[in-house]
Amino acid sequence: MKRICIVTLMLLACGLLRSDVGLTRSQDPLVVNSSTIALKLENARVRVLEATIKPGDKEKTHSHPAYVIYVIQGGKFRNHAADGTISDGEFRTGDVIYRDPVTHWAENIGDTTIRLELVELKN
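If you read the sequence shown in numbering that gives the first Met the number 0, its first letter stands for residue 0, the second for the next number, and so on.
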């Protein structure tokens, strides 16, 4: 009887972990923003993405682990945080920016195409 309870708990835990993986995938920028995000490189330590966001483009909600942004081509953006906070900003060409893990969506509110290299850090 004790073994059955342990096995049941283990199966339940695995099921919960599997549903967490699905949630993470549903917030993967490559999945939800496939028209604006492209995979450039992925290995055990990093994932490199290139974002091309045209004027008026709006992303869908997605998540990043800790990451670094290199701005290839700057522009004005509006960031929408998961908690509802909205902030405007501007990427300047050549900037390098570190960001902590985040769930958000953004939009290009300027009149230039924004191009970014995103280097997501893995554990």
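Yeah, the Cβ is synthetic: ideal placement off N, Cα and C, and Gly gets one too.
I'd like to confirm the pairing. Which residues does DSSP put opposite residue i in its beta bridges?
i       : result
Ala-80  : His-103
Val-124 : Residue 124 lies beyond the stretch modelled for the chain, which goes from 0 to 122, so this question has no answer here.
Ser-62  : Thr-102
Lys-75  : Glu-89
Glu-57  : The sequence given here has Lys at residue 57, not Glu. Glu-106, per the DSSP bridge assignment.
Where do the ends of the beta strand (DSSP E) carrying residue i lie?
i      : result
Asp-87 : 85 to 90
Arg-46 : 45 to 52
Glu-41 : 36 to 41
Ile-96 : 95 to 98
I'd like the span of the alpha helix (DSSP H) that includes residue i, first residue to last.
i      : result
Pro-28 : 28 to 31
If contacts are defined as beta-carbon pairs under 8 Å, then residue i and residue j qualify, I think. What distance do you get, rounded to the angstrom?
i       : j       : result
Ala-50  : Arg-114 : 7 Å
Val-70  : Gly-93  : 6 Å
Val-45  : Leu-120 : 6 Å
Thr-102 : Ser-62  : 4 Å
Glu-41  : Glu-106 : In fact, because the Cβ distance is near 26 Å, the residues do not count as touching under 8 Å.
Asp-87  : Ala-65  : Between Ala-65 and Asp-87 the Cβ distance is about 23 Å, and since that is not below 8 Å, they are no contact.
Original post:
Would you say the segment 71 to 91 touches the segment 101 to 114, given that touching needs at least three Cβ pairs under 8 Å?
Top reply: Here the segment 71 to 91 lies against the segment 101 to 114, with 3 or more beta-carbon pairs under 8 Å apart.
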